[in-house]
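At position 55 of the sequence shown (counting the first as 1) the number is 291 in my numbering, and the numbers step up by one without a gap. Note that beta-carbon positions come from the ideal geometry of N, C-alpha and C, so glycine has one too. Written below as structure tokens is the structure these notes are about.
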Amino acid sequence: MEVEGAHHSPHTALPADAMTYMKESLGLLLNGQHGIDLRLDGIQKEQLENKQQLEHGLRNVVDELKAEMVDRALEHSVELEKMKIKQEHLYGDFNLLNIRLGEMEDLVSKLMQECNGPSIEVVRVQKLNKPGEIEELPTSDDSVHSVLSVSSGSPIEGPADSVRRTRKPSQAFILTQRSTDETTKVIIGDQSDTTHL
């Protein structure tokens, strides 16, 4: 004999309140997931914008540095070219000066050789690398001594592509003129005249 109500169906219906609660919970979960997805999308968008701004800023900085380096390189090139031109002009002036000094040396030598005055003794003295010394003349010497400075010798060298000219070492001409007047004496310490050519 079966008892009424003792057999239950395997698919028991849930109460209406439980179904409503589950639907609301599921809706909340879906809304939360949607909000999280939106937030993640926003964060990714912000990161992308920040990355683009950073790359743009870095490109600007690099471009500015490159432009500054180019400007400085151009300025240095211009300055180097100016210095090169000035150096070439200086070498040219020094070479011309050496030529003129050589001509003056030759002219002075010729004039001294052609002089018809009293007997002249010409002695060339090489310049020494020490201060000049004053030599006292004997009081019995009746001759007049004078020194004509002609040049001061430092060699001049130009660039590899220019003409090189090295002047002779410094020389001085000591002139000794014998006076025919026996009363003429040389007094050391008298005023002397120096002529610069």
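- Pairing Phe330 with Gln323, the inter-Cα distance amounts to about 10 Å.
- By the C-beta density criterion, Asn334 is buried, having at least 16 other C-beta atoms within 10 angstroms.
- Annotation: Leu301 to Arg295 spans about 10 Å, alpha carbon to alpha carbon.
- A straight line joining the alpha-carbon of Asp253 with that of Arg275 spans about 33 Å.
- In this model, Glu317 and Ala309 are separated by some 12 Å (Cα to Cα).
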